[in-house]
Amino acid sequence: MTKKHSTPLTAEQLLNDDQFVRTVLESRSSVATYHQTHLRQFGDVADVVEDARSAILSMQRHFQAKSPSQKTLATILEKIRSS
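Encoded structure:
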């Protein structure tokens, strides 16, 4: 049994098909929402990283003292910050 192939629709026919146009517009909206959500999540992650960086720098300044253990901690914090 041979499958009958239909003639492809032209761009004009597709643009005149309300269901097709509605589907495209809804899909576009869904994609835009998806990207906005991920951009917000990326921004949230960037904020957390910046907060951690600030905390590490603050701790480094605090622990740049004279005792060997505080110097060791400052060195560890520097390695974390630079990685």
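For the sequence shown, the working numbering begins at -9 and goes up steadily by one.
Using N, Cα and C, we set each Cβ at its ideal position, and we do this for glycine too.
Only a predicted model underlies this, so the values are computations on that prediction, with no experimental measurement involved.
Of all the options I70, R71, Q50, which has the alpha carbon lying nearest to the alpha carbon of K61?
Q50
Is there a C-beta anywhere in chain C that falls below 8 Å from the one on I46?
Chain labels in this structure do not include chain C; a single protein chain is all it has.
Is R30 closer than 8 Å to L47 when the C-beta atoms are compared?
No; because the gap between Cβ atoms is not below 8 Å, this pair is not in contact.
How many Å lie between D41 and S20 at the Cα?
32 Å
Give me the Cα-Cα distance between L63 and S44, rounded to the nearest whole angstrom.
16 Å
Quick check: the Cα distance between Q3 and S73, rounded to an integer number of angstroms?
57 Å
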